[in-house]
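Letter by letter, the sequence shown follows residues 17 to 153 of the working numbering. Structure record follows, encoded as structure tokens.
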Amino acid sequence: MADSKPGLRKPVFTKVEQLRPGTSGHTLTVKVVSAKMVMQKGRSDGPQSRQMRIAECLVGDETGMIIFTARNEQVDLMKDGATVTLRNAKIDMFKGSMRLAVDKWGRVEVTEAASFTVKEDNNLSLIEYELVNVVVE
């Protein structure tokens with residue numbers, strides 16, 4: 017154990033139902049239920065082809081579902097029925113509802129097919145949250 021790299025620790029896997037607004041650093045294994053391209057812009061004719069692609073993917077595990085916002089290269093990995101591991105994922109709020117995202121500090125990896133079935137009647141992205149500022153006196 018003394019020769020292992022400092023700072024690396026075993027990932028703690030989170031279930032979808034445990035996700036809360038404003039949290040980050042989640043590692044989840046989820047199945048892609050559906051993927052829908054919502055934005056594709058940019059020029060592919062320039063010297064460096066800068067394309068911006070965003071897809072909204074409904075992902076879930078045996079505890080629930082949530083919308084995952086896939087960007088650029090992540091879009092190619094999010095195929096219907098695929099099982100992916102999201103490392104260092106965070107919760108973004110969009111119009112009062114939770115969205116899962118992986119930024120440049122995280123990773124999206126396709127993994128072997130999971131044995132669970134997605135619990136489709138618990139969609140966390142359908143729950144609307146309201147920001148309440150509490151004044152402490």
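Where is the CB? At the ideal position from N, CA and C, for every residue including glycine. These numbers were taken from a predicted model, which means no experiment stands behind them.
Under the DSSP assignment, L93 falls in the alpha helix (DSSP H) whose first and last residues are E89 to L93.
A residue is called buried when at least 16 other Cβ atoms come within 10 angstroms of its Cβ; D92 does not meet this threshold and is exposed.
Residue pairing by DSSP puts T99 in a beta bridge opposite K47.
In this structure, DSSP gives V118 a state outside helix and strand, which the three-state scheme calls coil. In terms of Cα proximity to G76, the closest of F132, N104, K52 and K120 is F132.
With fewer than 16 other CB atoms across the displayed protein chains lying within 10 angstroms of its CB, V54 is exposed.
Residues of the same chain with a CB within less than 6 Å of the CB of R123, apart from the 5 flanking positions on each side, are R103 in chain order.
Excluding residues up to 5 positions away in sequence, P37, M109, G112, S113 and M114 lie with their Cβ nearer than 8 Å to the Cβ of Y145 in the same chain. Per DSSP, reduced to three states, the secondary structure at S141 is helical.
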